[in-house]
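The structure appears below as C-alpha cells.
2 protein chains.
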Amino acid sequence: MVEQKGIIGIVGGMGPSAGIDLSSKIISQTVAGSDQKHLPQLLFSFPSSISDRTRFILGQETVNPALAIARVLQKLEMCGATVAGMACNSAHAPVIFNEVVRQIENHNLTIRLLHMIKEVGLFIRDRYPHVKSVGVLGTTGTFVSGLYEQLEEFGLDVRNVSEREQASLHSSIYSQTYGIKSFPDNIPARAIDLLCDACRSLKEKGADLLVFGCTEFPLAYRQPMFEGIPVIDSNMVLARALIREVAPDKLRPWK
Amino acid sequence: MVEQKGIIGIVGGMGPSAGIDLSSKIISQTVAGSDQKHLPQLLFSFPSSISDRTRFILGQETVNPALAIARVLQKLEMCGATVAGMACNSAHAPVIFNEVVRQIENHNLTIRLLHMIKEVGLFIRDRYPHVKSVGVLGTTGTFVSGLYEQLEEFGLDVRNVSEREQASLHSSIYSQTYGIKSFPDNIPARAIDLLCDACRSLKEKGADLLVFGCTEFPLAYRQPMFEGIPVIDSNMVLARALIREVAPDKLRPWK
Chain A
129 MVEQKGIIGI VGGMGPSAGI DLSSKIISQT VAGSDQKHLP QLLFSFPSSI SDRTRFILGQ
189 ETVNPALAIA RVLQKLEMCG ATVAGMACNS AHAPVIFNEV VRQIENHNLT IRLLHMIKEV
249 GLFIRDRYPH VKSVGVLGTT GTFVSGLYEQ LEEFGLDVRN VSEREQASLH SSIYSQTYGI
309 KSFPDNIPAR AIDLLCDACR SLKEKGADLL VFGCTEFPLA YRQPMFEGIP VIDSNMVLAR
369 ALIREVAPDK LRPWK
Chain B
129 MVEQKGIIGI VGGMGPSAGI DLSSKIISQT VAGSDQKHLP QLLFSFPSSI SDRTRFILGQ
189 ETVNPALAIA RVLQKLEMCG ATVAGMACNS AHAPVIFNEV VRQIENHNLT IRLLHMIKEV
249 GLFIRDRYPH VKSVGVLGTT GTFVSGLYEQ LEEFGLDVRN VSEREQASLH SSIYSQTYGI
309 KSFPDNIPAR AIDLLCDACR SLKEKGADLL VFGCTEFPLA YRQPMFEGIP VIDSNMVLAR
369 ALIREVAPDK LRPWK
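Those protein sequences? They're chains A and B, same order as listed.
The numbering used here runs 128 ahead of the 1-based position in the first sequence.
The numbering used here runs 128 ahead of the 1-based position in the second sequence.
In C-alpha cells, the structure reads:
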C-alpha cells in the first residue's frame, strides 16, 4: 500500500465539537489495519479567537472570522500540514471563505484549503448522478447566507424549508431547553422531531437527497436514509476529501 | 469568569481514536455557555511515527516511542501549548515516560506534561477517599508493565485479573472478529461480555473501584457504576486534569 503524502490540518473550534467530529470521521473513513497505518492529522481549536460566523454573516459582528482562520492555517502549515479543511459550514460563506483565500495568498501559504460545500457538490455528482433536487438543512446563518446555493454550480436545484420552519430547525440546535448543542449525549425527542419535520418538508418539496449542512444533525439522526432518500453529512464528505488528498488508496469504499 | 491561562496540547495517535476521545472529554468536562468559551487545544496525531508502546514494553520493538513523543511535545510547545497530556495508558510505563521527561529536559522545553496514572491516583484519593482496593483493566501491555502499580504510591491496593482472564480481556480489544478496535461503532456482544466478566472477577477479588486503563473500554461500557462500584475512565481523569491546569473554574462539577 502506498504511504500517504502530506499531513491533514483541521481548523477546529467552530464549534469545538465539529472539529473533533471531522477528525474522527477521517479515522472512520480510512482503511487502516493498525493504529500506525492511520493518517497524520493536526487539529487546532482556538474557539475564543474566531468570531461567530453566523453573527458576522448577519452583520451583527464586524470582525471577519477569516482573519483568525488564516492565522490558524499559517500555524498548521508551520507544523507540516499540506492540506486543510474547516470544520464549519458557515465559514464557507463567500464573504468569509474568499477572505481566507485572500489571506492565504497574501501570506504566501502553500497549504491547500478544501471547500466543504464544493466537495459536497462533487460528491453528489459522483455518487448520486441521478439526483436533481437537494434539500439542505442548516442553521439560520447557513439559510440566510445562501451558502448552499453554491451547489447550483453542480447542476443541482437547492430546496430550503420555509422561514417559519427554519426558525424551528434552528431551535433544534440552539435551544437551551431541548437543543442538540445543550444535550449532545442525550438528545431530547423534541429536537429529533423538529429535524425530522424539516426533512419531511424538504422531501415533500421534491428533494431527492438531503444534506445535513450542520455538524449537530448527524448526532440526532444517524441513518444513511430518510424515508427512502439519501442523507449526506457535509463533515463526512469533507473528511473523505481530505483523505483523498493525502492517501486516496486508503479511502474506505462508499456503501 | 476568569479566562483560561495557557493552551492544552494533546499527544495523540496512540491510537488515533484515543487522542480524539481525550479532546472530546475536555469539551464535555468544560462548563462553557457558548462555542467561544471552550478552551483552546491542539491535537497532534502522527500515528506512523510513534512505535507501538506495548511492543516496546514487551521487548519486541527496540525504538523507544518516547523519542517521537518528545518531538510532538516540542511542536506543541512551538504552537503555544503550555500543558500536555498523552492519550495512551501504556505511554506512562516508567520505561517510556521517564525517557520522555529526560527528552523534555534535554530540549529545555517548558511545557508541563501531566502523568495520567498519577492523576488517576490523585482523583481517587480526592473523590473516593474510602476506596482501598482498585481493580485495573487494560491491555496485556498495561498488565505486564505493572503500569498501574504506580497507584500504590497513593495508598491504593491494585488488583489484576489472572493471566488467563487477561488474555480474554485483551482479545475484547484486539480481536479481528469481535474486538472493540475493529467494531467501534457497533461493538459485538462478545467483547462486552468479556469486559463485564473481567469487571466481575475484579469485584470478587475485593476491588471497591474499577479503573478502565484503556480508552477502548468506555466505548463498550458507558455506565458510571458496575454492580454497585464506581468505574473510572483514565482518559476522562486526564481530561479533567488538563482543564484544571488552564481554567480550574471551568471544570464541570463531578457527579
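Idealized CB from N, CA, C, for every residue including glycine.
Predicted model, so just to flag it, every value in this text is computed and none were measured.
Item                                                                                                                                                                             : Value
Out of P346/B, T268/B and A367/B, which has the shortest C-alpha to C-alpha gap to E247/B?                                                                                       : A367/B
On the criterion of 16 or more Cβ atoms from any shown chain inside 10 Å, does R255/B qualify as buried, or is it exposed?                                                       : exposed
Note down the Cα distance separating N314/A from F354/A, rounded to an integer number of angstroms.                                                                              : 21 Å
What is the residue span of the beta strand (DSSP E) that I360/A lies within?                                                                                                    : I357 to D361
Just list the alpha helix (DSSP H) runs in the region 155-214 of chain A, keeping only unbroken ones of 4 residues or longer that don't cross its boundaries, in chain order.    : 181-185 and 194-206
Label R292/A either buried or exposed according to how many other C-beta atoms from any shown protein chain fall within 10 Å of its C-beta, with 16 as the threshold for buried. : exposed
Taking the alpha-carbon positions, what's the M364/A to K153/A distance?                                                                                                         : 6 Å
For the beta strand (DSSP E) containing V262/B, name the first residue and the last one.                                                                                         : S261 to L265
Give a yes or no on whether the minimum CB-CB distance between P175/B and chain A is below 8 Å.                                                                                  : yes
Would I308/B and A212/B qualify as a contact pair, given that the criterion is a beta-carbon distance under 8 Å?                                                                 : no
Distance check for I245/B and C216/B, CA to CA, integer angstroms please.                                                                                                        : 10 Å
Following the continuous beta strand (DSSP E) through G140/B, name the residue where it begins and the one where it ends.                                                        : I136 to G140
Assign T343/B to one of two classes, buried (16 or more other C-beta atoms within 10 Å of its C-beta) or exposed (fewer than that).                                              : buried
Within 10 angstroms of its Cβ, does E205/B collect 16 or more other Cβ (buried), or is it exposed?                                                                               : buried
Determine the burial state of R287/B: buried for a count of at least 16 other Cβ atoms within 10 Å of its Cβ, exposed for fewer.                                                 : buried
I want to see whether chain B comes within less than 8 Å of S152/A, judged by CB atoms only; does it?                                                                            : yes
Have a look at K378/A, P168/A and I301/A and flag the residue whose alpha-carbon is nearest the alpha-carbon of R318/A.                                                          : I301/A
Assign D377/A to one of two classes, buried (16 or more other C-beta atoms within 10 Å of its C-beta) or exposed (fewer than that).                                              : exposed
With DSSP as the reference, please indicate the residues paired to M244/A in a beta bridge.                                                                                      : Answer by DSSP bridge pairing: none, since M244/A is not bridged.
Please return the same chain residues whose Cβ sits closer than 6 Å to the Cβ of I197/A, not counting the five positions on each side in sequence.                               : V139 and V228
In the DSSP assignment, what residue or residues form a beta bridge with M364/B?                                                                                                 : Answer is none; M364/B lacks a bridge partner.
Would you check if the distance between the CB atom of F340/B and the CB atom of S310/B is smaller than 8 Å?                                                                     : no
Closest by CA to P222/A, which one among Y276/A, I232/A and R199/A?                                                                                                              : Y276/A
Once DSSP output is grouped into helix, strand and coil, what is the label at R253/A?                                                                                            : helix
Taking the beta carbon of Q351/B as the centre, do at least 16 other beta carbons fall within 10 Å, making it buried, or is it exposed?                                          : exposed
Cα separation between N234/B and V200/B?                                                                                                                                         : 15 Å
8 Å is my cut-off, CB to CB: does L366/B come that close to chain A?                                                                                                             : no
Would you mind sorting S151/A into buried or exposed? The rule is 16 or more other CB atoms within 10 Å of its CB.                                                               : buried
Suppose you measure from the CA of M129/B to the CA of L167/A; what does that come to, to the nearest Å?                                                                         : Unreliable positioning characterises M129/B in this predicted model, as indicated by a pLDDT of 43, which lies under 50. The coordinate reading is nonetheless provided below. Their Cα atoms are separated by approximately 38 Å.
Would you mind working out which of R380/B, T158/B and P175/B sits nearest I136/A, comparing C-alpha positions?                                                                  : P175/B
Using only CA atoms, which one of P144/B, T210/B, V191/B and N192/B lies nearest to A375/B?                                                                                      : T210/B
Considering Cα atoms alone, identify which of Q278/A, S179/A and G208/A is closest to L195/A.                                                                                    : S179/A
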